[in-house]
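> Got a structure here, written out as structure tokens. Questions coming.
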Amino acid sequence: MTAPRTLPAHLAHPFSPRGRPDPYPAYRWLRENDPVHFDVTSRMWLLTAHADCALALRDPRFSAALGQRERVRDDELPPSMLTTDPPEHQRLRSPGALLMGPAAIRGISGGIEAEIGRVLDGLAGRERIEATADIGEPLATGVLARLFGLPSADRAAFAELAARVAVNLDPLAGPQAAAAGRAAMGELTRFLGERADAAAAAVRAGGEATPFGRLAADDRLTRAEMLGIASLTVVGGWKPLAEMVGNALHWLLPREEAAEQVRGGHDTAVSAVDELLRLESPIPFTARVTTEEVRLDGGVIPAGARVLALVGAANRDPAVFADPDELVVTRSPNPHLAFGAGTHLCLGAPLVRQAGALLLRGLLSRYPGLRPVGEPPSWAPSLVPRRLTGFTLAT
Ligand code: HEM
């Protein structure tokens with residue numbers, strides 16, 4: 003193996019506090035100079051080319067189960083689909099579709115529209131709006147409340163738990179924050195468990211069938227596995243969906259032509275959601291471990307190596323995307339990897355596209371004067387999800 007190459011001194015490491023706000027110059031350097039890069043700081047292999055990331059996400063020699071075992075866990079939670087490889091993975095994923103697959107989303111589409119109407123109504127007459135607290139989080143809470151069939155009285159407690167478990171996404175969370183995140187996970191699992199029986203009973207009695215009720219009534223999984231899927235949905239879904247809104251508005255609001263295209267029609271709004279996720283991927287990387295030596299165009303990765311597929315870098319690879327740093331809301335095809343790829347492709351993607359498109363189109367149509375005000379927002383220090391803080395808007 004040749005000696006690992008290092009980033010030039012003027013480029014901050016993309017995971018360092020200095021590099022996190024704008025990791026793209028470092029991503030570009032790595033992609034152009036060392037696309038299969040051994041990072042001496044994290045002792046991980048960083049993949050930045052689209053072809054290599056797509057291969058790592060699709061090829062069984064890159065194990066998600068081994069990748070997760072690298073993260074120290076001291077909880078009693080069952081393995082989730084995210085942390086298993088086929089065939090065990092499919093056993094968990096198939097019932098998961100009852101909660102968030104396309105049919106489940108179609109079944110609650112009226113409810114999703116109502117939730118978005120509620121979020122938009124809540125902004126009327128407001129002088130100052132905080133993108134995440136006032137739009138993204140109410141959107142994520144409302145949409146997930148529909149999946150789980152939560153009554154209004156449960157929403158505040160649910161949102162509070164969803165915010166607390168989100169720290170489990172961030173590999174940079176310190177030991178204290180990580181311990182708090184795991185404790186919150188236990189609380190969330192209990193919260194959902196207390197609601198599962200009634201939801202399943204309603205389905206069995208032919209009453210109101212919510213997606214969660216259908217999952218809870220399904221007999222393919224143990225109760226712990228079923229609750230593992232339900233809580234993964236909250237950990238993986240609430241915060242990324244909430245933060246997607248600010249990231250999207252950050253790109254859209256200064257570009258009137260693009261905003262006008264989003265107002266123009268649902269299909270363009272859906273295409274815009276994909277394009278905005280490509281440009282600012284809320285989950286900028288995902289981890290795997292090689293089960294054997296793998297030869298890629300850009301280098302050889304040994305067996306047992308920890309690998310990060312940097313989808314945030316792959317999504318701006320000029321070999322795949324023309325004008326990769328530009329927002330092109332009608333980009334087609336758009337083979338971005340912001341939802342992952344292959345067997346672990348995000349199960350929530352149909353929901354994100356539907357809810358994201360309705361929200362952005364509704365927001366820009368109803369509040370055409372929406373604009374950033376005050377201090378410019380800054381990128382939060384967390385790596386996952388990539389998100390803005392202090393993004394204030396006025397209508
Ligand atoms: C903008 C928002 C979102 C983004 C960017 C996103 C991104 C991703 C990515 C990159 C993966 C693959 C991880 C890997 O391969 O290791 C994933 C998996 C997953 N996502 Fe999402 N996600 C989002 C929202 C959601 C929502 C709202 C839900 C649920 C309602 C959800 C549920 C899941 C589940 C269950 C998996 C695991 C799939 C599997 O392992 O088979 N996600 N997501």
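Add 2 to a position in the sequence shown, counting from 1, and you land on the number used in this note's numbering.
Note that CB positions come from ideal geometry on N, CA and C, so glycine has one too.
Since we're looking at a predicted model, the values are computed, not measured.
Measure the beta-carbon distance from residue 100 to residue 216 and round it to whole angstroms, keeping in mind my assumption that it falls under 8 Å.
Sure, about 4 Å apart at Cβ, within 8 Å.
> Sorry if obvious, but does the Cβ on residue 253 come closer than 8 Å to a heavy atom of the ligand HEM?
Not so, every heavy atom of the ligand HEM lies at least 8 Å from the Cβ.
> DSSP on residue 12, reduced to helix/strand/coil?
Here residue 12 sits in coil by DSSP.
> Please work out which residues of its chain come closer than 7 Å, Cβ to Cβ, to residue 383, disregarding the five sequence neighbours upstream and downstream, and give them in chain order.
Excluding positions up to five away in sequence, the list reads 19 and 22.
> What ranges does the beta strand (DSSP E) occupy inside the stretch 96-130, keeping only unbroken runs of at least 3 residues that lie completely in it?
With a minimum length of 3 residues, no continuous beta strand (DSSP E) run stays inside the stretch 96-130.
> Using three-state DSSP, classify residue 385 as helix, strand or coil.
Residue 385: coil per DSSP, three-state reduction.
> Contact defined as beta carbons within less than 8 Å: I believe residue 279 pairs with residue 114. What is the distance between those atoms, to the nearest angstrom?
Contact flag wrong, Cβ pair sits at about 18 Å.
> Can we say the stretch 131-146 touches the stretch 225-245, given the rule of at least three CB pairs closer than 8 Å?
Contact holds: three or more Cβ-Cβ distances are below 8 Å.
> By Cβ distance, which residues of its chain are closer than 8 Å to residue 165, with the 5 residues on each side in sequence left out?
So the list reads 139, 240 and 241, once near-sequence residues are dropped.
> Determine the contact status of residue 53 and residue 343, defining contact as a CB-CB distance below 9 Å.
No, the Cβ-Cβ distance between residue 53 and residue 343 is not below 9 Å.
> For the stretch 266-274 and the stretch 353-373, state whether three or more C-beta atom pairs, one from each stretch, are separated by less than 8 Å.
Segments in contact, yes.
> When the distance is taken between beta carbons, is residue 350 closer than 9 Å to residue 102?
Contact flag set, yes.
> Just the Cα atoms here: how many angstroms apart are residue 259 and residue 284?
C-alpha separation (whole angstroms): 24 Å.
> What does a CB cutoff of less than 8 Å around residue 124 pick up in its chain, not counting 5 residues either side in sequence?
136 and 140.
> With residue 13 and residue 174 assumed to form a contact (beta carbons below 8 Å), what rounded beta-carbon distance in angstroms separates them?
Contact flag wrong, Cβ pair sits at about 19 Å.
> Just the Cα atoms here: how many angstroms apart are residue 256 and residue 250?
For residue 256 and residue 250, the distance between alpha carbons rounds to 11 Å.
> Do residue 321 and residue 308 have their CB atoms nearer than 9 Å?
It is not a contact, given that the beta carbons lie outside the stated cut-off.
> Tell me the DSSP secondary structure of residue 292 in three-state form.
It is a strand residue.
> Considering only DSSP beta bridges, list what residue 373 is partnered with.
DSSP, once it has assigned bridges, lists 396 as partnering residue 373.
> Is residue 214 near the ligand HEM, with its Cβ less than 8 Å from a heavy atom?
No; taking the cut-off as 8 Å, the Cβ of residue 214 has no heavy atom of the ligand HEM nearer than that.
> What residue range does the alpha helix (DSSP H) around residue 63 cover?
Per DSSP, residue 63 belongs to no alpha helix (DSSP H) and is neither H nor E.
> In the DSSP assignment, find the alpha helix (DSSP H) that holds residue 41 and state where it starts and stops.
Counting along the chain, residue 41 falls outside any alpha helix (DSSP H), though it belongs to the beta strand (DSSP E) covering 38-41.
> Specify, as a first and last residue, the run of the beta strand (DSSP E) that residue 303 falls within.
From DSSP, the beta strand (DSSP E) with residue 303 extends over 301-303.
> Go ahead and label residue 16 buried or exposed: buried means 16 or more other beta carbons lie within 10 angstroms of its beta carbon, across all protein chains shown.
Classification for residue 16: buried.
> Tell me the DSSP secondary structure of residue 310 in three-state form.
Strand at residue 310.
> At what residues does the beta strand (DSSP E) containing residue 83 begin and finish?
Counting along the chain, residue 83 falls outside any beta strand (DSSP E), and DSSP gives it neither H nor E.
> With a threshold of 8 Å on Cβ separation, who are the neighbours of residue 9 within its own chain once the five nearest residues in sequence on each side are excluded?
The answer, listed in chain order, is 15, 28, 31 and 32.
> Using only alpha-carbon positions, find the residue among 221, 197 and 223 that is nearest to residue 212.
Of the candidates 221, 197 and 223, the one whose C-alpha sits nearest the C-alpha of residue 212 is 197.
> Between 176, 369 and 193, which lies nearest to residue 147 when the distance is taken from Cα to Cα?
The shortest C-alpha separation from residue 147 is found at 193.
> Excluding sequence positions up to five away, which residues of its chain have a Cβ less than 8 Å from the Cβ of residue 366?
Closer than 8 Å at Cβ, skipping near neighbours: 254, 261, 264, 265 and 372.
> In three-state terms, what does DSSP make of residue 217?
In the structure shown, residue 217 sits in a helix (DSSP, three-state: H, G or I).
> Specify, as a first and last residue, the run of the beta strand (DSSP E) that residue 254 falls within.
Residue 254 -> not in any beta strand (DSSP E); alpha helix (DSSP H) instead, spanning 225-254.
> Would DSSP call residue 200 helix, strand or coil?
Helix.
> Closest by CA to residue 370, which one among 180, 396, 120 and 311?
Taking only the C-alpha atoms, the option nearest residue 370 is 396.
> Taking the alpha-carbon positions, what's the residue 326 to residue 317 distance?
Distance between the alpha carbons of residue 326 and residue 317: 8 Å.
> Looking at the structure shown, is residue 363 part of a helix, part of a strand, or coil, going by DSSP?
Helix.
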